[in-house]
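Oh and the sequence shown: position 36 is 1179 in my numbering, straight run, nothing missing.
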Amino acid sequence: MGGVVFLEILDGRGRVTDRVRITALPATIGRSYGSDVILDDRRVCPAHARLSQADDGSYQLEDLDSVNGLYALGGTGPVQRLSLTPGTRFRIGRSTVRFCTEEQSVAPTIPEAARDGRVLRGMLEPRWAGSAVLVALIGFAVYEYLTNSEKVVAGDLLAVGVGILVLLALWAGLWAVGTRLVSHRFRFLSHLGWAASLSLVAIVVSMLEEYLDFVFPSNTLVTVIGAATGILIAGVWLYGHLTLASSLSRNRRRGIAWGIAIGTGGLVWLLALGQDSFSSEVEYSGTLRPYPVS
């Protein structure tokens, strides 16, 4: 009788965890295997409620003398019978359920290009994420070679690169666990590839800042540029992880990432300002790095 209807099982944040298609009415909702819709909730009776359609085409949900009752979401008490329209939410036990019909509209599709940038979408591909990790490993080794004045061997360079990657893997692992909790995806390699790429960019920028500091020692403009660049990299870094981890809108991801980056940068600046002391000596922080011994 009637058309196809759906019951969506929601979590505490209102997100769909399961969607049940019902093609025949009446249908029973409960915990027993004989129910048409089975809920894994100990506070739901074996046969808790019955979904049916009246002669006028309206849908109704009836409580089957359950122990814990039937509640309209936002209602003040249990009800014996509940009229259902598309989008109606109700609670039985501790389970929140939403009633839907096949004519019900859904949210607009989010264009992939608007959701993620080209680089971030590439990180979702294992081959690109793996390539980013490999390039970063080589970059870390080259950086160690250029900044070490002592004689180095390939094994030492590789050890430094691997050590940095281990730390980044721990960082990426935390983001991957968060991604799993939020969007039910792990994406460890994607987070690692993104973290490694931005770390390599940060190292290159740091080297350029050191050479600028040598050419223009004690120059306020160089200091400001360095601080702004650091905040920029931190903001992009966090934005990328948030994009891989969540389904938040672009504006919310930007707000969170830039808020944390600017707030952290401001805190570091205040701490540095508090430790600044007067000196009668001329400050000259520029240093030349000796070329590594071959």
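We put the CB at the ideal spot given by N, CA and C, even for glycine.
Rounded separation between residue i and residue j - CA only
i     : j     : result
E1353 : P1251 : 48 Å
R1156 : R1162 : 16 Å
N1291 : L1413 : 32 Å
G1303 : G1369 : Correcting the residue type first, residue 1303 is Val in the shown sequence and not Gly. Using only the alpha carbons, I get a separation of about 25 Å.
L1364 : R1232 : 58 Å
I1346 : Y1286 : 8 Å
S1340 : V1249 : 37 Å
L1194 : I1165 : 10 Å
L1267 : S1201 : 45 Å
S1178 : G1218 : 26 Å
G1230 : L1213 : 17 Å
L1324 : V1295 : 43 Å
D1299 : A1404 : 33 Å
D1206 : R1270 : 53 Å
A1440 : D1199 : The structure shown does not extend to residue 1440, since the chain is modelled only from 1144 to 1437, so the question has no answer here.
S1209 : V1180 : 15 Å
L1317 : A1275 : 19 Å
G1265 : R1234 : 42 Å
R1158 : Q1247 : 17 Å
L1301 : D1154 : 46 Å
L1376 : R1328 : The question names Leu, yet the displayed sequence has Ile at residue 1376. Whole-angstrom Cα-Cα distance: 25 Å.
N1394 : T1160 : 26 Å
L1289 : M1350 : 10 Å
L1410 : L1416 : 10 Å
Q1223 : L1182 : 19 Å
V1305 : N1362 : 35 Å
G1406 : G1273 : 32 Å
A1319 : I1152 : 25 Å
Bridge-paired residues (DSSP) for residue i
i     : result
V1324 : For clarity, residue 1324 is Leu in the given sequence; the question names Val instead. In the DSSP output, where bridge partners are listed per residue, L1324 has none listed.
F1233 : A1215, V1240
I1346 : In DSSP, I1346 forms no bridge with anything.
E1151 : R1162, R1241
Buried or exposed (CB count within 10 angstroms, at least 16 for buried), residue i
i     : result
A1257 : Confidence at A1257 is low in this model, with a pLDDT of 48, below 50, so its placement is unreliable and no value can be given for it.
T1322 : buried
R1241 : buried
A1279 : buried
L1150 : buried
R1396 : buried
F1283 : buried
A1192 : buried
T1386 : buried
G1220 : exposed
A1297 : exposed
G1281 : Before going on, a small fix: residue 1281 reads as Ile here, not Gly. Classification of I1281: exposed, given that the 10 Å Cβ count is below 16.
S1342 : buried
L1452 : No answer is possible for residue 1452: it lies beyond the span of the chain, which begins at 1144 and ends at 1437.
S1392 : exposed
G1402 : exposed
L1378 : The identity of residue 1378 in the sequence shown is Gly, whereas the question assumes Leu. When all chains shown are included, G1378 counts as buried.
G1398 : exposed
R1383 : Before going further, note that residue 1383 is Gly rather than Arg in the sequence given. Counting Cβ neighbours within 10 Å, G1383 comes out buried, since at least 16 surround it.
Same chain, Cβ closer than 7 Å to residue i, neighbours up to 5 away in sequence not counted
i     : result
A1315 : F1331, H1334, L1335, A1338
G1373 : G1408
S1175 : P1189, A1190
A1312 : L1335
S1226 : S1201, Q1203
D1184 : R1174, G1236, R1237, S1238
W1380 : L1341
V1344 : I1376
Sequence-distant residues of its chain with Cβ nearer than 8 Å to residue i (five each side left out)
i     : result
S1326 : A1388, S1389, S1390
V1147 : R1164, I1165, T1166, T1244, E1245
Cβ-based neighbour list, residue i, same chain, cut-off 6 Å, excluding 5 preceding and 5 following
i     : result
N1211 : R1186, G1236
V1348 : T1372
I1307 : F1283
L1355 : V1365
F1359 : V1365
L1310 : none
Complete runs of the beta strand (DSSP E) confined to the stretch 1348-1404 [at least 3 residues]: Within the stretch 1348-1404, no run of beta strand (DSSP E) reaches 3 residues while sitting entirely inside it.
Those runs of the beta strand (DSSP E) which lie wholly inside the stretch 1161-1227 and span at least 3 residues: Along the length of the stretch 1161-1227, whole beta strand (DSSP E) runs at least 3 residues long occupy 1170-1173, 1192-1196, 1202-1206, 1213-1215, 1224-1227, reported in chain order.
Segments assigned alpha helix (DSSP H), at least 4 residues, entirely inside the stretch 1276-1340: Those alpha helix (DSSP H) runs which fall completely within the stretch 1276-1340 and span 4+ residues are 1297-1326.
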